[in-house]
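Student: Going by this note's numbering, the sequence shown opens with residue 808, and the numbers climb by one from there. Quick reminder that beta carbons are idealized off the backbone N, C-alpha and C, glycines included. Below is the structure I would like to discuss, written out as structure tokens.
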Amino acid sequence: MSDTTNPLDDPTADPFEIAATAAADIARLTGVAQHDIALTLGSGWGKAADLVGETTVTIPATEVTGFSAPALAGHVGSLRSILTPKGKRVLVIGARTHYYEGHGVRRVVHSVRTAAATGATTMVLTNGAGGIKSTWTAGRPVLISDHINLTGDSPLEGATFIDLTDLYSTRLRDVARRVDPSLDEGVYCQFRGPQYETPAEVRMAKAIGGHIVGMSTALEAIAARQAGMEILGFSLITNMAAGIQTTPLSHHEVIEAGREAEPVISDLLARVIGEL
Ligand code: 8IG
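Structure, rendered in structure tokens:
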């Protein structure tokens, strides 16, 4: 589906109906009627699903209703169906649409709504992000314990009041920590981007209780909760946030940290998803 004809760009369309159509596309193209778990791969996590199980089908995201081509090299535009050793079906979303692309929140959360429509009841959201906690170094995966949505936007439309207590499931975080007791956790601040923060913005994030800065995940988590899913969030700290690290941030550095962390986060994801 090309950008100019994306049905989500029609403001009169129902985004949940479009997600249901997308889920039917996935069922038809993968031959898998229902998925149990959905996994969104963020920067640095591109290959981290490879140990989760056997990939039975890979489909270009562009063949699924409402999905668009990736904006950035390194963000993989495909959807995969994985069968875990325990027989669970995992839908791997390698095609995140970021808020900063400017296509609106409906496009940002479409993959999450589609995942829910495929039957998935667990949403695993991963991202690459900047770290604020001084004990962290680049290349370290951490759990997301909560978020602060600094986009000023929401995937909810109208008077849709959704409780966000325990948004990042305590139960699922406990499962992850049983797999790796060294996992630390923190509060994720979603900035609009695409520029990285100023040091003053990072000090603000720290002052209001944030530990991780990024450009995704919070809006998706809200939509996942609205859809009734249980959420597990991981950030790969690919860099220390601006001003925490004294050298300038570079996209290259982010890619490099992801590459180096690959074996660790692949093993972590496979083991955690194996316990879900
Ligand atoms: I990777 O330091 C990655 N994504 N906002 N700040 C924000 N997003 C990020 C960062 C960062 N690193």
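Return the first residue and the last residue of the alpha helix (DSSP H) that Leu-1056 is part of.
Tutor: Looking at the DSSP string, Leu-1056 is not in any alpha helix (DSSP H), and its letter there is neither H nor E.
Student: Look at the alpha carbon of Asp-991 and the alpha carbon of Thr-977, and state the distance between them as a whole number of angstroms.
Tutor: Taking the straight line joining both Cα atoms gives about 13 Å.
Student: Count the CB pairs spanning the segment 982–997 and the segment 882–899 that are closer than 8 Å, and state whether there are at least three.
Tutor: As far as the Cβ criterion goes, the segment 982–997 does not touch the segment 882–899, which means the pair count is below three.
Student: For the ligand 8IG, is there a heavy atom less than 7 Å away from the beta-carbon of Tyr-1003?
Tutor: Yes, Cβ of Tyr-1003 sits closer than 7 Å to a heavy atom of the ligand 8IG.
Student: Distance check for His-910 and Phe-874, CA to CA, integer angstroms please.
Tutor: Roughly 11 Å between the two C-alpha positions.
Student: Note down the Cα distance separating Val-915 from Arg-903, rounded to an integer number of angstroms.
Tutor: Cα to Cα, Val-915 sits roughly 7 Å from Arg-903.
Student: Based on Cα-Cα distance, which residue from Val-912, Thr-972, Ala-1030 and Lys-940 lies nearest to Thr-958?
Tutor: That would be Val-912, whose Cα lies nearest to the Cα of Thr-958.
Student: Ile-955: which of Ala-845, Ile-1072, Thr-1053 and Ser-1023 sits nearest, CA to CA?
Tutor: Of the listed residues, the one whose Cα sits closest to Ile-955 is Ser-1023.
Student: Okay, do the segment 969–983 and the segment 1051–1059 touch, 3+ Cβ pairs below 8 Å being the bar?
Tutor: No, because fewer than three Cβ pairs between the segment 969–983 and the segment 1051–1059 fall closer than 8 Å, the two stretches do not touch.
Student: Does the distance from the C-beta atom of Leu-898 to that of Gly-1040 stay below 8 Å?
Tutor: Going by C-beta atoms, Leu-898 is not nearer than 8 Å to Gly-1040.
Student: Once DSSP output is grouped into helix, strand and coil, what is the label at Pro-867?
Tutor: Strand.
Student: Which residue from Thr-862, Ser-961, Pro-1006 and Lys-893 puts its Cα closest to that of Val-1079?
Tutor: Taking only the C-alpha atoms, the option nearest Val-1079 is Lys-893.
Student: Find out if the Cβ-Cβ distance for the pair Ala-924, Thr-1045 is shorter than 8 Å.
Tutor: Taking 8 Å as the Cβ cut-off, Ala-924 and Thr-1045 do not qualify as a contacting pair.
Student: If you count every other CB in all the chains shown that lies within 10 Å of the CB of Ser-1042, and 16 or more means buried, which is it?
Tutor: By the neighbour-count rule (16 or more Cβ atoms within 10 Å), Ser-1042 is buried.
Student: Taking a contact to mean a Cβ-Cβ separation below 8 Å, would you say Ala-834 touches Leu-846 in this structure?
Tutor: Not a contact, by the Cβ cut-off of 8 Å.
Student: Taking the beta carbon of Arg-999 as the centre, do at least 16 other beta carbons fall within 10 Å, making it buried, or is it exposed?
Tutor: Looking at its Cβ environment, which holds fewer than 16 other Cβ atoms inside 10 Å, Arg-999 is exposed.
Student: Give the C-beta separation of Val-919 and Glu-1027 to the nearest angstrom, bearing in mind that I take them to be a contact with Cβ-Cβ under 8 Å.
Tutor: Going by Cβ atoms, the distance from Val-919 to Glu-1027 rounds to 5 Å, so yes, they are a contact pair.
Student: What residue ranges within the segment 952–1040 form continuous alpha helix (DSSP H) runs of no fewer than 4 residues, ordered along the chain?
Tutor: Complete alpha helix (DSSP H) runs here, min 4: 977–986, 1006–1014 and 1025–1033.
Student: Whole angstroms are fine: how far does the CA of Ser-850 sit from the CA of Glu-908?
Tutor: In a straight line, the C-alpha of Glu-908 is about 15 Å away from that of Ser-850.
Student: What is the DSSP secondary structure of Ile-889, reduced to helix, strand or coil?
Tutor: The answer is strand: DSSP assigns Ile-889 an E or B state.
Student: On the criterion of 16 or more Cβ atoms from any shown chain inside 10 Å, does Gly-881 qualify as buried, or is it exposed?
Tutor: Low confidence applies to Gly-881: its pLDDT is 45, below 50, so where it sits in the model is not reliable, and the reading given next is rough at best. Its Cβ having fewer than 16 others within 10 Å, Gly-881 is exposed.
Student: Between Ala-868, Thr-891, Ile-844 and Asp-816, which lies nearest to Thr-862 when the distance is taken from Cα to Cα?
Tutor: Here the closest residue by C-alpha is Thr-891.
Student: For Arg-913, which beta-bridge partners are listed by DSSP?
Tutor: The partner list for Arg-913 (beta bridge, DSSP) is empty, contrary to what the question assumes.
Student: Less than 8 Å between C-beta atoms, sequence neighbours within five positions excluded: which residues of the same chain meet that for Leu-848?
Tutor: Around Leu-848: Ala-855, Ala-856, Val-883, Val-899, Ile-900, Gly-901, Arg-903 and Thr-933.
Student: Taking DSSP as the reference, what is the three-state secondary structure of Ala-820?
Tutor: Three-state DSSP puts Ala-820 in coil, outside helix and strand.
Student: Just to confirm, are Ile-1019 and Ile-951 a CB contact at a threshold of 8 Å?
Tutor: Yes.
Student: By the 10 Å Cβ neighbour count, where 16 or more other Cβ atoms means buried, how is Ala-1014 classified, buried or exposed?
Tutor: So Ala-1014 ends up on the exposed side.
Student: Flag Phe-998 as yes when its Cβ comes closer than 7 Å to any non-hydrogen atom of the ligand 8IG, and as no otherwise.
Tutor: At least one heavy atom of the ligand 8IG is nearer than 7 Å to the Cβ of Phe-998, so yes.
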